[in-house]
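Listed in order, the protein sequences are those of chains A and B. Under the numbering used here, the first sequence has 618 at position 148, and the numbering climbs by one with no breaks. Under the numbering used here, the second sequence has 565 at position 6, and the numbering climbs by one with no breaks.
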Amino acid sequence: MYFDNDECKRYARNFALPEIGVRGQRKLKEAWVLVIGAGGLGSTAVMYLAAAGVGVITIVDYDYVEESNFNRQVIHTQVGVNKAKSAEYFVNNLNPHVSVLGVDEKVTPQNILGHIDGFNFIVDCTSGFDSKFLINDACVLYKKPYCHGGATGTQGEIMTYVPGSPCLRCLMREIPFDAPSNEEVGILGPVSGMIGCMQAMEAIKYITGAGELLTGRLVKYDALETRFQTIRFGRDKDCPACGDKPSIKLSIDRYRPKK
Amino acid sequence: MVKVNGKDLDIAGKTVREFLDEEEYPLSRIVVELNGEILPKAQYDRKFLDGDVVEVVSFVGGG
Ligand SMILES: [Zn+2]
Numbered sequence: 471m472y473f474d475n476d477e478c479k480r481y482a483r484n485f486a487l488p489e490i491g492v493r494g495q496r497k498l499k500e501a502w503v504l505v506i507g508a509g510g511l512g513s514t515a516v517m518y519l520a521a522a523g524v525g526v527i528t529i530v531d532y533d534y535v536e537e538s539n540f541n542r543q544v545i546h547t548q549v550g551v552n553k554a555k556s557a558e559y560f561v562n563n564l565n566p567h568v569s570v571l572g573v574d575e576k577v578t579p580q581n582i583l584g585h586i587d588g589f590n591f592i593v594d595c596t597s598g599f600d601s602k603f604l605i606n607d608a609c610v611l612y613k614k615p616y617c618h619g620g621a622t623g624t625q626g627e628i629m630t631y632v633p634g635s636p637c638l639r640c641l642m643r644e645i646p647f648d649a650p651s652n653e654e655v656g657i658l659g660p661v662s663g664m665i666g667c668m669q670a671m672e673a674i675k676y677i678t679g680a681g682e683l684l685t686g687r688l689v690k691y692d693a694l695e696t697r698f699q700t701i702r703f704g705r706d707k708d709c710p711a712c713g714d715k716p717s718i719k720l721s722i723d724r725y726r727p728k729k
Numbered sequence: 560m561v562k563v564n565g566k567d568l569d570i571a572g573k574t575v576r577e578f579l580d581e582e583e584y585p586l587s588r589i590v591v592e593l594n595g596e597i598l599p600k601a602q603y604d605r606k607f608l609d610g611d612v613v614e615v616v617s618f619v620g621g622g
């Protein structure tokens with residue numbers, strides 16, 4: 471694949487890395503990455519994926535920008551705009567070599583397969599465990615690699631799934647619907663920024679084959695203590711999503727609290 | 560002493576469940592790692608021993 475003059479200058483520092491080089495950059499340019507959610511995590515992940523030169527980036531989000539987003543959702547500048555469209559606008563200005571599309575839609579159990587189909591890697595930047603589990607289950611079911619991220623308060627977490635590796639449900643069987651939201655407990659920008667950045671790195675590693683993916687490892691980030699914990703875990707053969715006898719079906723009821 | 564998330568605590572002899580309840584950890588979204596291995600929920604009645612190294616991890620779901 472051909473890099474024009476501007477791209478050669480723009481990606482010079484990527485070319486210089488032995489782990490990336492022209493080869494890796496070519497893979498990035500050929501890659502299709504889907505980012506679900508353009509909030510705190512997604513803002514950062516999208517910026518760095520675009521700057522790195524991922525060829526196709528699609529962003530899905532049904533939410534609209536509010537003033538209270540600005541402390542962390544650094545990709546947005548205007549209130550009232552759809553977040554996916556706002557991220558698309560930013561990427562078009564940042565790197566004209568990226569084909570970017572913002573999709574104003576909610577990802578649901580019924581439509582998620584249509585969304586993830588065709589992408590090489592999926593980055594889960596949603597908020598709420600219902601959507602995080604939905605993405606996990608769909609990616610396991612349809613053998614799609616993805617990166618899980620979360621950030622609340624001053625805590626963050628990240629792990630990566632590839633077909634055959636342990637999944638989120640190996641650690642947590644049921645969706646914890648009682649988990650507090652960022653609206654309730656707050657969130658600082660650098661916390662979601664850190665995790666979003668690491669999610670972009672996971673996508674880059676997966677696409678280029680560089681380094682070690684965060685598979686079978688959950689990394690927790692405590693921003694106040696600047697403490698990283700790595701929890702190593704294996705595939706649970708009884709896991710309802712990735713186990714030997716999976717029982718997960720993408721039905722609406724599964725992603726709603728039981729009455 | 561038991562090292563919990565990097566801090567020494569005087570909880571040897573307590574069960575994992577007692578400790579988690581006292582600290583009000585949300586059982587639905589935590590994982591306990593004991594001496595480098597994940598402790599299954601069925602073993603939360605195990606008592607902490609002097610020198611145990613414990614990591615309690617709560618999942619966060621924000622984006
Ligand atoms: Zn699993």
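Backbone N, C-alpha and C define an ideal beta-carbon position, used for all residues, glycine too.
Consider the Cβ of residue i: report whether some Cβ of chain A lies at a distance smaller than 9 Å.
i: Phe618(B); result: yes
i: Asn594(B); result: no
i: Gly565(B); result: yes
Taking Cβ-Cβ distances shorter than 7 Å, what residues in chain B pair up with residue i?
i: Ile657(A); result: Gly621
i: Lys690(A); result: Val616
Could you work out which residues of chain B lie near residue i, taking near to mean beta carbons separated by less than 9 Å?
i: Ile701(A); result: Val590, Glu592, Ile597, Glu614 and Val616
i: Phe591(A); result: Result: empty, since nearest Cβ-Cβ is about 17 Å, beyond 9 Å.
i: Glu644(A); result: Ser587
So, are the CB atoms of residue i and residue j less than 9 Å apart?
i: Ile506(A); j: Ile592(A); result: yes
i: Val561(A); j: Met517(A); result: yes
i: Leu504(A); j: Ile527(A); result: yes
i: Arg588(B); j: Gly620(B); result: yes
i: Ile582(A); j: Gly620(A); result: no
i: Asp569(B); j: Asn594(B); result: no
i: Val544(A); j: Gly663(A); result: yes
i: Val575(B); j: Tyr603(B); result: yes
i: Ala515(A); j: Asp533(A); result: no
i: Ser635(A); j: Thr685(A); result: yes
i: Cys617(A); j: Glu672(A); result: yes
i: Cys569(A); j: Arg542(A); result: The question names Cys, but residue 569(A) is Ser in the sequence shown. Against a cut-off of 9 Å, the Cβ pair of Arg542(A) and Ser569(A) comes out as no contact.
i: Glu583(B); j: Val615(B); result: no
i: Glu489(A); j: Ala680(A); result: yes
i: Phe603(A); j: Tyr481(A); result: no
i: Asp723(A); j: Gln669(A); result: no
i: Phe516(B); j: Phe607(B); result: No answer is possible for residue 516(B): the residues shown for chain B start at 560 and end at 622.
I want to verify the contact list: residues of chain C whose CB lies under 7 Å from the CB of residue i, in sequence order.
i: Leu641(A); result: In summary, chain C is missing from the structure at hand, where the protein chains are A and B.
Does any CB atom of chain B fall closer than 9 Å to the CB of residue i?
i: Ser651(A); result: yes
i: Asp648(A); result: yes
i: Gly507(A); result: yes
i: Arg697(A); result: yes
i: Lys555(A); result: no
i: Phe485(A); result: no
i: Cys595(A); result: yes
i: Leu604(A); result: no
i: Phe599(A); result: yes
i: Ser662(A); result: yes
What does residue i touch in chain B if you count any residue whose Cβ is under 8 Å from its own?
i: Leu511(A); result: Gly622
i: Ala736(A); result: Look at the range of chain A in this structure, 471 to 729, and you will see that residue 736(A) is not part of it.
i: Gln625(A); result: Ser617 and Val619
Where do the N-terminal and C-terminal ends of the beta strand (DSSP E) with residue i fall, by residue?
i: Ile527(A); result: Val526 to Val530
i: Glu614(B); result: Val612 to Ser617
i: Ile570(B); result: Neither: Ile570(B) is in no beta strand (DSSP E) and is coded neither H nor E.
i: Leu593(B); result: Ile589 to Leu593
i: Tyr631(A); result: Gln625 to Tyr631
i: Ala621(A); result: Tyr616 to Thr622
i: Arg702(A); result: Arg697 to Arg702
Any heavy atom of ligand 3 closer than 8 Å to the beta-carbon of residue i?
i: Ala711(A); result: This structure lacks ligand 3; its bound ligands are ligand 1.
Tell me which residue opens and which closes the alpha helix (DSSP H) that residue i is part of.
i: Val730(A); result: The question about residue 730(A) has no answer here: the residues shown for chain A are numbered 471 through 729.
i: Met517(A); result: Gly510 to Ala522
i: Lys675(A); result: Gly659 to Thr678
i: Ile586(A); result: Ile582 to Ile586
i: Gly494(A); result: Gly491 to Glu500
i: Asp600(A); result: Phe599 to Leu611
i: Leu748(A); result: As displayed, chain A neither begins before 471 nor continues past 729, which places residue 748(A) out of reach and without an answer.
i: Leu487(A); result: Where Leu487(A) is concerned, there is no enclosing alpha helix (DSSP H), given that its DSSP letter is neither H nor E.
i: Arg480(A); result: Asn475 to Arg480
Cβ contact check for the stretch 634-644 of chain A and the stretch 689-706 of chain A: 3 or more pairs under 8 Å: yes
The stretch 552-570 of chain A touching the stretch 510-529 of chain A, judged by at least three CB pairs closer than 8 Å: yes
The stretch 673-686 of chain A touching the stretch 628-636 of chain A, judged by at least three CB pairs closer than 8 Å: yes
contact_flag[the stretch 599-607 of chain A, the stretch 716-728 of chain A] where n(CB pairs < 8 Å) is 3 or more: yes
Contact between the stretch 612-624 of chain A and the stretch 652-666 of chain A (3+ Cβ pairs under 8 Å): yes
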